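Below: the structure, in structure tokens.
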Amino acid sequence: MIAWETMYTLNEYGKQVPRDAAIVGFDNIQSKWAFPAPLTTVSTSKSKMSLRALDILLKRINSSVEYGYIKDILDTQIVVRGST
Numbered sequence: 027m028i029a030w031e032t033m034y035t036l037n038e039y040g041k042q043v044p045r046d047a048a049i050v051g052f053d054n055i056q057s058k059w060a061f062p063a064p065l066t067t068v069s070t071s072k073s074k075m076s077l078r079a080l081d082i083l084l085k086r087i088n089s090s091v092e093y094g095y096i097k098d099i100l101d102t103q104i105v106v107r108g109s110t
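Quick note, the sequence shown lines up with residues 27 to 110 if you use the numbering used here.
As structure tokens, this is what we get:
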């Protein structure tokens, strides 16, 4: 939503996306309105992310071992649209 608000605000100030600024969002959020341009985005599988988070949570609940920070890398893809 931040990317959409940024595009909207730039438009209010007379700037055009992607001519004056390139905007990339995250989470492959789409809108039925392509205003001011369809949003280029980074997409990842929400179901894989949810399953991984659940797996980590269950391991923490069922273990007496104290876990610290976990770094996990999920596959992503760039969906190029009109905002870049």
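Note that CB positions come from ideal geometry on N, CA and C, so glycine has one too. Note that the coordinates shown come from a computational prediction; the quantities given were computed from them, not determined experimentally.
- Counting the other Cβ atoms within 10 Å of the Cβ of V43 gives 16 or more, which makes it buried.
- Note on S90: under 16 other CB atoms within 10 angstroms of its CB, so exposed under the neighbour-count rule.
- With 16 or more other CB atoms across the displayed protein chains lying within 10 angstroms of its CB, M33 is buried.
- For E92, the closest alpha carbon among the candidates D98, L100, L83, S69 is that of L83.
- It is roughly 10 angstroms from the alpha-carbon of D53 to the alpha-carbon of T102.
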